[in-house]
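Colleague: Here the protein sequences come in this chain order: A and B.
Sequence positions in the first sequence follow the working numbering and run 31 to 339.
Sequence positions in the second sequence follow the working numbering and run 9 to 166.
For glycine and all other residues, C-beta sits at the position ideal for the given N, C-alpha and C.
Attaching a single structure in structure tokens format; questions to follow.
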Amino acid sequence: MVAFRSSDTSARSTGLLLRCFLYAALAVALMVADKRYENLGKIRRLLSIVAYPAEVAVASPFQGWAWLRESVSTREALRADKARLEEQLRVAQFRLQRYEALEAESRRLRALRDATAGVGARFLVGNVMDVDLDAFRERVLVDKGAHDGVYVGQAVLDAGGVFGQVAHVDEMTSEVILISDAAHAIPVQDNRNGLRTIAVGTGEVSHIKLPYISTAADIVKGDLLVTSGLGGGFPAGYPVGTVTEVKRDPAQSLADVEVSPAAALDRAHELLFVWPAVGSTPAATLTPATTKPATTPPRSVKPAAAAIP
Amino acid sequence: MMRAERIRRLPMALSALVALTLAIVPLPEVIDAFRPDFLVLVVFYWSIESPRAGGLTLAFVSGLALDIIKGAVLGQHALALTLMAAWATHLRLRLRVFSVLSQCLTIFALLTGYQFILFWIDGATGNPVTSFGRWLAPVIGALIWPALVGTLSRLHER
């Protein structure tokens, strides 16, 4: 049954070794060039335009199905949806009233401190494309690219909190690395007491971890972690996750802290690309006296850059 | 002879495109790790079936396509796929007379070699995936090899 029926059964493989060598050399040269020099980005972008139709072709049946389901949904379902959304809007507006008061208060306090830790100024909404990149890396493809001004290292949020950052930009699409990817680290801060550290991905969407917390550090289950804005990659003050478990082994110098991400990493479909507010340099407003070197290892110097492969 | 090879390029390109699509179709997370490397298997098939119709070029181009779609270092999959396709071409006459079991074992070795080169380059570029899950793809790939050969050879008999 395993039938090869080609007439080409000659044992000669003319120039196989030579061609294999040539292609392999070309591939190695490409890898070195890609790693060493940034100017391959343009070539990659051009090539990705060729791949875009394939990606769209894969994603479109799923989008079509969603559209079909939406267009045949019943009147009842729509009414229920409307009632639910109105309810949510009421709650949101109620919260917003308080938010505006709080923002005004915060602005006054910041003016007092003469610090300008501004949050993101401009947003762009992108949709996750239904394309599977790699089963063992936490990455998603989003339908906004260099064409829309997206850049490598840009912070990406969803409705719940920080989602990740842009790892690659192509012309029409971009690849976002999730905060749960094993190669990703993000500077965070405990919202309760301001303790600064780095949150590192584990490769599983359900949790991330804080590997650089000493056993003596004041961190308890239920603490909210927000971005610290250090390193300049992420705007400060966005929720990253909640501490779910703190294991302190007296024999170890570092505690084992697990965090459940605030963003819906495995469900989010709409993502927000954030452009930082012009002139805001949150990292520059922190004096050396307030940093805690014990909890931040040397790696924290450029955590955002460390995540880009 | 030339004519026959020119005709064969169409099913070659078509099957590679279908395999590329299968490689990126979203699957539930539970079975995602069990996804075989369809494109790699298709490239192996054509390397064995008609190496003179450009099996190695197909391997290199498919590898580049994988690099771009997966966002890997440009040339990573291309290198792994070229080397393993060349090996498959070298083994092709022996493979034809092998029993199904021996064929599957050979394909398993080729797929493992492919994964190993990827793993090695991942490590060399400071971006390793240490999960054991990645070594599952060669097993699944070797298991579906007979079915794939049956499908593809029927396809281009037409």
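1) Could you name the residues of chain A that B:Q84 contacts, counting a contact when the two beta carbons are closer than 7 Å?
2) List the residues of chain A whose Cβ lies closer than 8 Å to the Cβ of B:I32, in chain order.
3) Could you please give me the residues that DSSP links to A:E288 through a beta bridge?
4) Mind reading off the beta-carbon distance from A:A212 to A:G190? Whole number of angstroms is fine, and I expect it under 8 Å.
5) Using Cβ-Cβ distances below 7 Å, what residues of the segment 36–52 of chain B are close to chain A?
6) Grouping DSSP H, G and I as helix and E and B as strand, with all else coil, what is B:S82?
7) Taking B:A117 as part of the beta strand (DSSP E), name the residues at either end of that continuous run.
8) Which of the three DSSP states, helix, strand or coil, is assigned to A:L108?
9) Where does the unbroken alpha helix (DSSP H) through A:P232 begin, and where does it stop?
10) Use the C-beta contact count for B:Q123: other C-beta atoms within 10 angstroms, 16 or more gives buried, fewer gives exposed.
11) Taking A:D188 and A:A294 to be in contact with their CB atoms under 8 Å, please state how far apart those CB atoms are, rounded to whole angstroms.
12) What is the C-beta distance between A:Q219 and A:V192, in whole angstroms, given that I count them as a contact (C-beta under 8 Å)?
13) Taking DSSP's pairing of strands, which residues face A:G194 in a bridge?
14) Determine, for B:T133, whether the minimum Cβ-Cβ distance to residues of chain A falls below 9 Å.
15) Closer than 9 Å, CB to CB, is B:L114 near chain A or not?
16) Flag A:C50 as yes when its Cβ comes closer than 8 Å to any non-hydrogen atom of the ligand GDP, and as no otherwise.
17) Suppose you measure from the CA of B:A96 to the CA of B:L144; what does that come to, to the nearest Å?
18) Between A:G194 and chain B, is any beta-carbon pair separated by less than 9 Å?
19) Is B:I152 close to chain A, meaning its C-beta is less than 9 Å from at least one C-beta of that chain?
20) So with Cβ pairs under 9 Å, would you call B:T120 a contact of chain A?
21) Identify whether A:L316 lies in helix, strand or coil by the three-state DSSP scheme.
22) Count the other C-beta atoms from every protein chain shown that fall within 10 angstroms of the C-beta of A:R169, then say buried if there are 16 or more, exposed otherwise.
23) So if DSSP puts A:E300 in a beta bridge, which residue, or which two residues, is it bridged to?
24) Among A:G175, A:K65, A:A55, which one has its Cα closest to the Cα of A:V206?
25) Is the segment 130–140 of chain A in contact with the segment 99–107 of chain B, if contact means three or more CB pairs nearer than 8 Å?
26) Establish whether the CB of B:A94 and some CB of chain A are separated by less than 9 Å.
27) So, is the C-beta of B:A73 closer than 9 Å to a C-beta in chain A?
28) Can you name, in chain order, every residue of its own chain whose Cβ lies under 8 Å from the Cβ of B:I152, other than the five neighbours on each side?
29) Which residues of chain A have a Cβ atom closer than 7 Å to the Cβ of B:V147, listed in chain order?
30) Can you check DSSP and say which residues form a bridge with A:T227?
31) Please check if any C-beta of chain A sits within less than 9 Å of the C-beta of B:P59.
32) Whole angstroms is fine: what's the gap from A:F344's alpha carbon to B:V38's?
33) Assuming B:A150 contacts B:C112 (C-beta within less than 8 Å), just tell me the rounded distance between them.
34) Can you give me, in chain order, the residues of the segment 232–243 of chain A that have a beta carbon less than 8 Å from any beta carbon in chain B?
35) In terms of alpha-carbon separation, which member of A:Q195, A:P291, A:R49 lies closest to A:V235?
36) Examine chain B for any beta-carbon lying closer than 9 Å to the beta-carbon of A:F166, and answer yes or no.
Modeller: Put simply:
1) M61
2) A84, E85, V88, V161, D162, L163
3) A:K239, A:E275
4) Not really, about 21 Å apart at Cβ, beyond 8 Å.
5) D40, A41, R43
6) Before going further, note that residue 82 of chain B is Leu rather than Ser in the sequence given. Correct three-state label for B:L82: coil.
7) Element bounds for B:A117: not the beta strand (DSSP E) but the alpha helix (DSSP H), 108–132.
8) helix
9) Checking the sequence shown, residue 232 of chain A turns out to be Thr, not Pro. Taken as a continuous stretch (DSSP letters only), A:T232 belongs to no alpha helix (DSSP H), as it is neither H nor E.
10) buried
11) 6 Å
12) About 12 Å separates the two Cβ atoms, so there is no contact after all.
13) A:V186, A:L208
14) yes
15) Here the sequence assigns Thr to residue 114 of chain B, which means Leu is not the residue at that position. B:T114 does not count as touching chain A.
16) With respect to small molecules bound, the structure shown includes none, and the ligand GDP cannot be examined in it.
17) 20 Å
18) no
19) no
20) no
21) Its pLDDT being 38, under 50, A:L316 is placed unreliably by the model, and the measurement read from it follows with that caveat. Coil at A:L316, not helix or strand.
22) buried
23) A:N157
24) A:G175
25) no
26) yes
27) yes
28) P44, L49
29) Neighbours of B:V147 on chain A: none; closest Cβ ~14 Å, over 7 Å.
30) A:V218
31) yes
32) Any property of residue 344 of chain A remains undetermined from this structure, which presents chain A solely from 31 to 339.
33) 5 Å
34) G233
35) A:P291
36) yes
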